[in-house]
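Beneath this line is the structure, given in structure tokens, with notes to follow.
Protein chains in written order, with this note's numbering: chain A, 14 to 167; chain B, 14 to 167.
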């Protein structure tokens, strides 16, 4: 059963998908990870698109999971703090951890209200493809710290 | 003539290279950008590798350029602040801007001493492939702000 899930709004675009697929493959050797892709809304305004996408995201959330929303206004943490937090959810609390990445329009208030953690990867604005890639790399890096694989250096 | 140059220590690995090449192509329509690749040192210790790579990096630096070193301990700035700073170098100061990305061993003190700016992309540790991709995306995003291309949203 999946222990980590990434719910994201966007489209699979090569060569980004090849990169995240490779990280997924490596992570899967240690922890089951999966993705749920939500197609971007085609409503006219950003507000309507966010509302539309929020409904779809909310329908995918389940009770007892830890929900972590990626948002630029969130908390910025180091890789090591991320690793400690992630494995605390997985191993101490025994909770599946769900990461949520919105579209370039942003993330809805109703989704933010369901967040156990709001995480910012950077003060900079990144495309969702880039955010997803960074997230996968940080999860893989955490797995490497946890299982003593030579990859991460402080 | 190149207005932006990226000096980086690493290896061209597909599919990362396809992504940065695509950004480079898009940026080049507006501003000339180029790369200098430095092969990672194969010395035994990290300290020796850093020293080796620093000598090679320093040999590529030229007077009158603005040197910006990427380092996790540097300044974290927003995309908009990055854009303002970059175009101030390029258009007001009329200086070529050189970005320097070290290997996973880190960046040498002698290179840091040549920096006009030390920039941190995040509090997290990223691979050099990921750092380079983020840098390209931020440069492209800045070009989009400058030339009114619909890509960046706050």
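Backbone N, C-alpha and C fix where the C-beta goes; we use that ideal spot for every residue, glycine too.
All values reported here derive from a predicted model rather than from experimental measurement.
Neighbourhood of residue 25 of chain B by C-beta distance below 8 angstroms, restricted to the same chain and skipping five residues each side:
50
Contact with chain A by residue 22 of chain B, beta-carbon distance below 9 angstroms:
no
Using a Cβ cut-off of 8 angstroms, pull out every chain B residue sitting near residue 134 of chain A, in sequence order please.
135, 137
Should residue 23 of chain B go down as buried or exposed, given a rule of 16 or more other Cβ atoms within 10 Å for buried?
buried
Using the C-alpha atoms, what's the distance from residue 150 of chain B back to residue 37 of chain B?
9 angstroms
Could you name the residues of the same chain whose beta carbon sits closer than 8 angstroms to that of residue 62 of chain B, not counting the 5 residues immediately before and after it, in chain order?
53, 54, 55, 56, 116, 118
Spatial neighbours of residue 109 of chain B within its chain, please: C-beta separation below 6 angstroms, excluding the five flanking residues on both sides.
16, 78
Who are the Cβ neighbours of residue 71 of chain B in its own chain at under 8 angstroms, not counting the five residues just before and after it?
123, 124, 127
Which parts of the segment 126-152 of chain A are runs of the beta strand (DSSP E), unbroken and 3 residues or longer, counting only runs that do not cross its ends?
130-133
Would you mind reading off the limits of the beta strand (DSSP E) that contains residue 46 of chain B?
46-51
For chain B, is any of its Cβ atoms less than 9 angstroms away from the one on residue 4 of chain A?
What the structure shows of chain A is the stretch from 14 to 167, and residue 4 of chain A is not part of that stretch, so it cannot be assessed.
Within 10 Å of its beta-carbon, does residue 80 of chain A have 16 or more other beta-carbons around it, so buried, or fewer, so exposed?
buried
Simplified DSSP state of residue 118 of chain B, which is helix, strand or coil:
coil
Using a Cβ cut-off of 8 angstroms, which residues of the segment 75-92 of chain B contact any Cβ in chain A, in chain order?
89, 90, 91, 92
Residue 35 of chain A, enclosing alpha helix (DSSP H) - first and last residue:
29-41
Is the beta carbon of residue 44 of chain A less than 9 angstroms from the beta carbon of residue 111 of chain A?
no
Thinking C-alpha only, which one of A:158, A:30, A:31 is nearest residue 95 of chain A?
A:158
Quick one: what's got a C-beta closer than 6 angstroms to residue 67 of chain B's C-beta in the same chain, skipping five residues either side?
121, 123, 124
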